[in-house]
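In my numbering, the protein residues as written are 54 to 423. Here the structure comes first, spelled out in structure tokens, and everything after it is commentary.
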């Protein structure tokens, strides 16, 4: 078991427990309320009369609804209209029935009906009443409420994860770095200095816990590589790096090696800064250092472009769930990023060959010229 958990991992555990408890309480409480409402609506059945009614009409209506992904769907709703006599008076009613009940009857045929002797206008088919009574129990009502509470809690869980379960940008959490290695459990990534080489690799889904445990128990780099079951292992001689780029408000380093550009990820900006201090002293002496302070507008431009794309998508697509997700991401991620960049403009540091005119980093990071 890992010795240390990052602040993000701790908050994630709290969010999971809280949402599970909320789901259980909401489902149980909703079932009790629903059971009470249904019991009250069926109270008249305790003193009812039964009669054979005449079916006057059978018909179906198409209903529009939205599926789990917010897309429009259509389904048929079945109805039966009937007439019966009570106390020498005729009463008519129309109720919704199941597809099987609809198919099992025909117009001018008969159907068993329950009605209230105190108010004969209060009636329903026998099959509907039996179904309602048998389904009006705690388990049945919890299953019914769960169809609403599950998606609601999932949306809440995702929202809480987006808002609260993010590592502090200034955190340097114990157990996630050494003098020569850095563990990113958010992005499932490991970066390490191995002699004169820089090594970085991903962690296969499901292996994060084992890698974290090994990392925090002083496991060797070879052990970490073996446990991670990495599919994107890279080893780059530090002396062969043509360009190293770091933005102060980013948790990634951009490294140009040969014809490739690698984005090396860290847990937080502070962890990246810790690694950068140890990497830059090992770079080739031929590299030159440049520092660029971007304007506020230049820094916020990438997030502004994303916000404009989101606004265009909302205006084009009439999908409620999609628009809701876009709105949540915009409010809790994109807009705060714009504000942050306007308040604290990007400062870019670069180590590059004297004749380097490459702009791969800028193109891959924000689509704008350096």
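All C-beta atoms in this analysis are idealised placements derived from N, C-alpha and C, irrespective of residue type, glycine included.
Continuous alpha helix (DSSP H) stretch holding residue i: start and end
i, result
"residue 237", "No alpha helix (DSSP H) contains residue 237, which is instead part of the beta strand (DSSP E) from 234-237."
"residue 211", "191-217"
"residue 261", "261-269"
"residue 126", "Run containing residue 126: none in the alpha helix (DSSP H); it sits in the beta strand (DSSP E), 125-139."
"residue 376", "373-382"
"residue 365", "349-369"
"residue 326", "322-332"
"residue 395", "388-396"
Strand pairing of residue i, partner residues [DSSP]
i, result
"residue 310", "313"
"residue 177", "167"
"residue 344", "402"
"residue 299", "306 and 402"
"residue 118", "126"
"residue 230", "235"
"residue 78", "Paired residues: none, contrary to the question."
"residue 105", "165"
"residue 276", "According to DSSP, residue 276 bridges with nothing at all."
"residue 95", "Note: residue 95 sits in no beta bridge, so no partner."
"residue 111", "133"
"residue 318", "305"
Residues near residue i in its chain [Cβ-Cβ closer than 8 Å; skip 5 each side]
i, result
"residue 341", "404, 405, 406 and 407"
"residue 160", "108, 109, 110 and 111"
"residue 421", "Below a pLDDT of 50, predicted positions are generally treated as unreliable, and residue 421, at 46, falls in that range; the measurement from the model is reported next regardless. So the list reads 351, 354, 355 and 415, once near-sequence residues are dropped."
"residue 347", "398, 399, 400 and 401"
"residue 212", "381 and 385"
"residue 267", "276, 277 and 280"
"residue 189", "88, 91, 92 and 95"
"residue 261", "238 and 241"
Proximity winner among the options, relative to residue i (alpha-carbon distances)
i, options, result
"residue 176", "372, 143 and 211", "143"
"residue 64", "373, 261 and 215", "215"
"residue 271", "75, 317, 231 and 290", "231"
"residue 205", "76, 315 and 274", "76"
"residue 332", "172, 383, 246 and 99", "246"
"residue 70", "228, 267, 97 and 209", "209"
"residue 312", "240, 295 and 321", "295"
"residue 138", "170, 158 and 151", "170"
"residue 132", "98, 158 and 191", "158"
"residue 106", "81, 190, 173 and 153", "173"
"residue 187", "95, 145 and 260", "95"
"residue 203", "266, 156 and 78", "78"
"residue 307", "268, 251 and 280", "251"
"residue 103", "330, 136 and 259", "136"
"residue 128", "152, 140, 141 and 145", "152"
"residue 374", "125, 67 and 62", "125"
"residue 82", "67, 184 and 201", "201"
"residue 290", "305, 372, 335 and 264", "335"
"residue 207", "262, 226, 68 and 258", "68"
Same chain, Cβ closer than 6 Å to residue i, neighbours up to 5 away in sequence not counted
i, result
"residue 392", "none"
"residue 134", "109, 110 and 147"
"residue 286", "254"
"residue 388", "none"
"residue 283", "254 and 255"
"residue 390", "356"
"residue 385", "215 and 216"
"residue 234", "245"
"residue 237", "318, 319 and 320"
"residue 100", "none"
"residue 359", "387"
"residue 297", "308 and 404"
"residue 344", "402"
Residue i: first and last residue of the uninterrupted beta strand (DSSP E) it sits in
i, result
"residue 245", "242-247"
"residue 146", "142-150"
"residue 252", "250-255"
"residue 289", "287-290"
Check: residue i C-beta below 8 Å from any heavy atom of the ligand FMN
i, result
"residue 210", "What this structure holds is no ligand at all, so the ligand FMN is not there to describe."
Nonlocal neighbours in the same chain, by C-beta distance under 7 Å from residue i, ignoring five residues either side
i, result
"residue 292", "249 and 337"
"residue 130", "113, 114, 116 and 149"
"residue 367", "376 and 379"
"residue 58", "none"
"residue 191", "84 and 88"
"residue 383", "360 and 363"
- Task: Decide if the segment 177-184 is in contact with the segment 74-94; the criterion is three or more beta carbon pairs, one per stretch, under 8 Å apart.
- Result: no
- Cβ contact check for the segment 293-308 and the segment 387-399: 3 or more pairs under 8 Å: yes
- Does the segment 156-170 touch the segment 194-207, meaning 3 or more C-beta pairs lie closer than 8 Å? no
- Message: Closer than 8 Å is the cut-off here; do at least three beta carbon pairs connect the segment 263-277 with the segment 309-329?
- Response: no
- Kindly confirm or deny that the segment 362-370 and the segment 324-333 touch, where touching means at least three C-beta pairs closer than 8 Å. no
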